[in-house]
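Residue numbers (the working numbering): 164 to 474.
Note that CB positions come from ideal geometry on N, CA and C, so glycine has one too.
A quick note: this is a predicted structure, and the numbers were derived from the prediction, not measured.
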């Protein structure tokens with residue numbers, strides 16, 4: 164393109180200098196004063212015309228050269244931003260996979276705790292029924308013995324049974340507390356992982372909002388499929404949390420609420436990503452229109468150049 168413009172300028176200059184010394188011919192021979200006056204006028208017109216054309220040609224050449232350098236620099240910047248965005252997207256997907264693994268592990272722990280809590284509740288109910296049955300048998304035996312003989316021994320045996328039962332219940336409670344502490348530790352690890360992911364997503368959103376990034380349709384479809392997969396996983400987690408809320412004890416309600424809050428935050432991040440994709444689509448359309456306009460301007464300039472060359 165630059166070589167063609169240079170050749171065009173050389174052609175204009177050669178035309179101007181060659182036509183500068185050309186004299187007009189007339190059908191009749193005028194006087195010497197008329198010829199000199201006409202030559203002076205023609206030379207002045209040619210000089211003004213050549214100066215005007217040369218100035219406009221140099222200005223056009225500088226404008227096209229600056230425009231060409233600007234487009235090259237902008238193309239390199241966009242390529243670097245696209246590569247960086249791909250790397251950040253890959254890192255975010257890895258973090259999301261790790262988060263899904265941790266959530267699955269936590270759900271397994273919660274299910275185990277739920278089953279143990281249910282089992283403990285059943286055993287507690289059975290022991291309560293046995294204690295009531297023993298109380299009835301104790302009263303019947305005391306009445307049968309007259310209400311006085313061996314009463315102290317029966318009360319001692321009864322309270323000993325109650326004490327043993329209480330110790331067993333305390334042991335089971337301590338075991339459940341230990342399991343709950345493990346779940347809390349797992350929840351803390353999950354919270355830290357989610358916070359890291361939130362920082363990563365925020366950084367990615369900031370980079371996306373502060374730079375004009377061109378994304379291919381395939382990358383947009385990949386992001387949309389990832390968002391749909393995350394939404395499906397979010398719905399599955401919400402359904403599991405609802406099932407846990409129906410059968411879990413009061414100690415696990417706080418963990419369930421925390422999971423719901425984190426899922427809501429993930430949902431809001433997904434909505435932000437969808438909005439970001441829409442913004443990028445509009446930016447892509449604007450960039451394509453801008454490139455199309457630039458190509459049309461270049462075609463118009465090349466057509467003008469061809470017309471100048473042909474003349």
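Contact between residue 283 and residue 335 holds, since their C-beta atoms are separated by about 5 angstroms, short of 8 angstroms.
With a threshold of 16 other beta carbon atoms within 10 Å, residue 248 meets it and is buried.
Between residue 280 and residue 340, the beta carbon gap of about 11 angstroms keeps them out of contact (Cβ cut-off 8 angstroms). One thing to note: residue 287 has its Cβ within 9 angstroms of the Cβ of residue 332. Taking the CA atoms as reference points, residue 330 sits about 19 angstroms from residue 298. Residue 276 is classed as buried because its beta carbon has at least 16 other beta carbons within 10 Å across all chains shown. Distance from the CA of residue 254 to the CA of residue 232, rounded to the nearest whole angstrom, comes to 34 angstroms. Between residue 263 and the set 395, 458, 451, 205, the nearest pair of CA atoms involves 395. Each of 460, 446, 456, 204 was checked against the Cα of residue 241, and the nearest Cα belongs to 446.
Only exposed fits residue 257, as fewer than 16 other CB atoms lie within 10 angstroms of its CB. When the Cα atoms are used, residue 290 and residue 327 turn out to be separated by approximately 11 angstroms. Across the structure, residue 252 and residue 266 are spaced so that their CA atoms are roughly 21 angstroms apart. Residue 259 and residue 449 have their alpha carbons spaced roughly 32 angstroms apart.
With 16 or more other CB atoms across the displayed protein chains lying within 10 angstroms of its CB, residue 273 is buried.
Closest by C-alpha distance to residue 348, out of 223, 463, 268, 294, is 268.
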